[in-house]
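Below: the structure, in structure tokens.
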Amino acid sequence: MKQSNSFNWFLLVLQRDLIMAFRKSATYLTPLIFFLVVITFFPLALGPQQSLLSALAPGVIWISALLASLLAVEGIFSEDQRDGTLDQYFLSNEPAFLLVFAKVLCHWLVCGAPILLASIFGSMILYLPDGVLIPLLFSLFMGTFFMSLLGALGAALSLGKSAILSAVIVLPFSIPTLLMGTAIMASAINGQDYSGYLSIMGAMLAIGIPGLCILTVEAILLSYE
Amino acid sequence: MNKLWSSFKSWLIAMGSPPLFYRWASAFLPWLGVLAIITFMLGLFWGLGFAPTDYKQGDVYRIIFIHVPSAILGQSIYLMMAVFGFISMVWRAKIAGMLLIAAAPIGAGFTLIALVTGSIWGKPTWGTWWVWDARLTSTLILFFLYMTIIALHSSIENKTKADRTISILAVLGITIVPIIKKSVDWWQTLHQPSTFSLTSAPSMTPDMYQPLLLCVLGFYLIFIFMLTNGLRAEIISRERHKNWVKKQFLNKEIG
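Line by line, the protein sequences are chains A and B.
By the count of the working numbering, the first sequence reaches residue 225 at its end, each step adding exactly one.
By the count of the working numbering, the second sequence reaches residue 255 at its end, each step adding exactly one.
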């Protein structure tokens, strides 16, 4: 009985956050615009040769997606902290772990999912080689979700500090994800089996969801001391 | 056995109290400093002056006596920080948190020395300042981790809170360092054939190995010396309003 109550609570938090996010178009448009503009920058800076762009495409899309999904990270907790909602969440009996996960999921739905869709467009304008769109989407799905998790930790660690700090402190920690993602793309382009790397990335995500959520809860609790 | 353990535990807890640690450290620090300098100098003179010249690299290889110890230190200091971070997170020991931030700049310094001496060594032997080798890359990332920890700590006013905050990053970092190491290996083998193998160390003669070992030991002693000194400064600056600090320094000045 208790479990289902907590789950309902989780859904309510998620629903509230989603409504709040979609009322302000800046929340979901800013990362999307950032992603598309950065992707457009590369052909402008490097020249329009198709062979060059197509070789760089996976890396460019990956880096742009990682940076774009860190863009709105600061707002994950700071809005709620400012108006006292976060205090009420933590005063309630519901598990804080679920709250953090709802926030992460909301951030991914608002920020990561549009980027994922936009990366299809990005892969077209950067001449991504044929047949690797599916691995790109799979790896980007996990990669952006991992970034949302890391971003939530960064936001919690720098609660009440500058917005850029929360993004910067988690950047070095995103390197394994980036490396895994590029490994998936490289083996897909070479026509090799990439399912091994995909599984490792999934395993990282599976450990990361509980692990990073717990650390995030710990970090938020610290800010109340 | 149980009794021994409990007495050890109470000693550990007592050592964790800042005043006691301060007094103990002040007594032991000069001796440690002298020992560290002697060991380091001995190793360095032996290595630079008396170790045989390498038949392939000539005298260039002698930078190893700085490069290898600082690289070892850079990594082991991070490991130590993660351990203390865990202690500070779980048991909230004050001293553990202070150790963490006292160690971070030293670790960053050693990592930077390792990177710089490595690229100075790389120029004549490999012909380039930098290669995207697994070891080099993970050392560079380690340096970034140190920098983020230092930056985050300085952004938080309340120092005790800052310690606990960076302890979270230190713990996260230690789970990520092996992953980085492993994934860089995969990434590198995928993208480029490894031109230089740093991982398989050339078998050394004892004449070269012994001074190197002495240098590593000397670097460790210097690190412990610097860490204890930094910790003393940290303790004094944080507890400057406490009675024992006033007593300690006033007594000294009068007496």
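For glycine and all other residues, C-beta sits at the position ideal for the given N, C-alpha and C.
Predicted model only: the values in this text are computed from it and were never measured.
Coarse secondary structure for B/Gly58, derived from DSSP in three states = If DSSP states are grouped into helix, strand and coil, B/Gly58 belongs with the strands.
From which residue to which residue does the alpha helix (DSSP H) around B/His241 run?
-> Run containing B/His241: none; DSSP gives neither H nor E here.
Nearest neighbour of A/Phe254, chosen from A/Val60, A/Gln88, A/Val104 and A/Val13 [CA to CA] | Residue 254 of chain A falls outside the range modelled here, since chain A spans only 1 to 225, and no answer is possible.
Write down the C-beta distance between B/Leu32 and B/Phe219 rounded to the nearest angstrom, noting that I regard them as a contact closer than 8 Å.
-> In this structure B/Leu32 is not in contact with B/Phe219, their Cβ atoms being roughly 13 Å apart against a cut-off of 8 Å.
Which listed residue (B/Gly43, B/Asn229 and B/Phe84) has its alpha carbon closest to that of B/Ile66 | Residue B/Gly43 is the option with its Cα nearest to B/Ile66.
Beta-carbon proximity check, A/Leu159 vs A/Phe101, cutoff 8 Å | The answer is no: Cβ separation not under 8 Å.
B/Leu20 vs B/Ala27 beta-carbon contact at 8 Å | For the pair B/Leu20 and B/Ala27, the CB atoms are not nearer than the 8 Å cut-off.
Consult DSSP for B/Ser197 and reduce its assignment to one of helix, strand or coil.
-> In this predicted model, B/Ser197 has a pLDDT of only 41, less than 50, meaning its place in the structure is not dependable; the value taken from the coordinates is given anyway. Assignment of B/Ser197 by DSSP, reduced to helix, strand and coil, places it in the coil class.
Under 8 Å, do A/Leu215 and A/Leu165 count as touching if we go by C-beta distance?
-> No. Outside cutoff.
With 9 Å as the limit, tell me which residues of the region 147-163 of chain B have their beta carbon closer than that to any beta carbon of chain A; keep them in chain order.
-> The region 147-163 of chain B vs chain A, Cβ under 9 Å: Met147, Thr148, Ile149, Ala151, Leu152, Ser155, Ile156, Asn158, Thr160 and Lys161.
Taking Cβ positions only, does B/Thr165 come closer than 8 Å to chain A?
-> It does; some Cβ of chain A falls within 8 Å.
Which of helix, strand or coil DSSP assigns to B/Ala51 | Looking at B/Ala51 - three-state DSSP - the assignment turns out to be coil, as it is neither helix nor strand.
Pair within 8 Å by beta-carbon distance, A/Ser54 and A/Val104 = In terms of Cβ geometry, A/Ser54 and A/Val104 do not form a close pair [threshold 8 Å].
How is the alpha helix (DSSP H) around B/Ser88 delimited, first residue to last?
-> Taken as a continuous stretch (DSSP letters only), the alpha helix (DSSP H) holding B/Ser88 covers Ile64 to Val90.
Compile a chain-ordered list of the residues in the region 212-231 of chain B whose CB is closer than 7 Å to at least one CB of chain A.
-> The region 212-231 of chain B vs chain A, Cβ under 7 Å: nothing.
Listed by chain order, chain B residues near A/Val168 by CB distance under 8 Å | Going along chain B in sequence order, the residues near A/Val168 (Cβ under 8 Å) are Thr148 and Ala151.
Beta strand (DSSP E) runs wholly inside the region 145-185 of chain A, at least 3 long, in chain order | If one requires a minimum length of 3 residues, no beta strand (DSSP E) run lies completely within the region 145-185 of chain A.
Enclosing alpha helix (DSSP H) for A/Ser195 [first to last residue] | Ser195 to Ser223 is the extent of the alpha helix (DSSP H) around A/Ser195.
Using CA coordinates, which residue listed in B/Leu145, B/Ile179, B/Ser167 and B/Phe45 is at the minimum distance from B/Leu213?
-> The shortest Cα separation from B/Leu213 among B/Leu145, B/Ile179, B/Ser167 and B/Phe45 belongs to B/Phe45.
Specify, as a first and last residue, the run of the alpha helix (DSSP H) that A/Cys111 falls within.
-> No alpha helix (DSSP H) holds A/Cys111; DSSP gives it neither H nor E.
Cutoff 8 Å: A/Ala219 Cβ touching any chain B Cβ = Residue-level contact by beta carbon holds for A/Ala219 and chain B, with a gap shorter than 8 Å.
Chain A within 8 Å of B/Ile87, Cβ atoms only = Not closer than 8 Å to any Cβ of chain A, the Cβ of B/Ile87 fails to qualify, so no.
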